[in-house]
Amino acid sequence: MSACEKGSQWQMALNLLSLMPEAKVVPDEITYNAAVSACEKGGQWQLALNLLSLMPEARVVPNEISYSAAISAFEKGGQWLLAVNLLSLMPEARVVPNEITYNAAISACEKCGQWQMALSLLSSMPDLKEMPNGISYNAAISACEKGGQWQLALSLLSSMPGMRVVPDQISYNAAMSACDKEGQWQMALGLLSSMPHMNLIPDEISYSTAINACEKAGQWQLPPGLISSMTAACLNSLLLRSCSSSATPSR
């Protein structure tokens, strides 16, 4: 069953689960969790939900792993409302939501542009003694970006150090993209220039987002520092790719 889960073989996992009673083997929570996770990895959110609902009938109590896998399945299927609803039902089932379940629910909201709900979930985590991490913040910032909320994206980014969460390239790129989409080219450039101060090296996405923001605003004369650093980054990227290609043994 574990091999099926790791290989996203959800059909085989369900088949094995259905054959277990005939073999006089009683499925336990580990078996069900592996099957739910296989459905999640295979993009079968309906089947993941069905398995979760069948567990009590089989006298198997769902745990945080069961719920996390199901919520992750909803996330991949774009079912943000189901993800949030299932998260809210966990305390009733005497299962404490953890960092993984919250992150999956926030990511589900992010993928569907539900920035209000993403922010609500993020803010509620400390109340349940679950501290947000980089994944939580990055998903929330991306949700704000998709919702055109550049100010909130910047606010989240600036609040991360105070929550002992270190912003990474993804955090900055998402915030820059939010500024880009709303015509805030100066803010985008400001974020780009501040990345080295956070010990972050801008990547191709960082530079292309900043350039796109300037282009949309008709700012064709880019700051000299941006051009030189972008050129250096591109050359470095090409060099790394060349070295990687050279290191790959020929067949």
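Mind the numbering: the sequence shown is residues -4 to 246 in the working numbering, read in order.
We treat Cβ as the ideally placed atom computed from N, Cα and C, and that holds for glycine.
### Task
Flag this pair as yes or no: are the beta carbons of residue 125 and residue 94 separated by less than 7 Å?
Contact flag set, yes.
### Task
Could you tell me the boundaries of the alpha helix (DSSP H) in which residue 112 lies?
Bounds of the alpha helix (DSSP H) holding residue 112 are 110 to 119.
### Task
Return helix, strand or coil for residue 31, following the three-state DSSP convention.
Secondary structure at residue 31: helix, using DSSP grouped into helix, strand and coil.
### Query
Which residue comes first and which comes last in the alpha helix (DSSP H) that contains residue 251?
Outside the displayed span of the chain (-4 to 246) sits residue 251, for which this structure offers no information.
#### Entry: Pick from 11, 132, 198, 27 that is closest to residue 151, judged by C-alpha positions
Residue 132 is the option with its Cα nearest to residue 151.
### Own chain partners of residue 102 with C-beta closer than 6 Å, once the 5 adjacent residues on each side are dropped
These residues qualify, in order along the chain: 70, 134.
### Task
Label residue 156 either buried or exposed according to how many other C-beta atoms from any shown protein chain fall within 10 Å of its C-beta, with 16 as the threshold for buried.
Residue 156 is exposed by the Cβ-count criterion.
### Query
Of all the options 46, 108, 91, which has the alpha carbon lying nearest to the alpha carbon of residue 141?
When each option's Cα is compared against that of residue 141, the closest is 108.
### Message
Could you check whether residue 65 and residue 31 sit closer than 7 Å to each other, using their CB atoms as the reference points?
### Response
Going by beta carbons, residue 31 and residue 65 fall inside the 7 Å limit.
### First and last residue of the uninterrupted alpha helix (DSSP H) at residue 210
Per DSSP, the continuous alpha helix (DSSP H) segment holding residue 210 begins and ends at 199 to 211.
### Query
For the alpha helix (DSSP H) that contains residue 60, what are its first and last residues?
Bounds of the alpha helix (DSSP H) holding residue 60 are 59 to 71.
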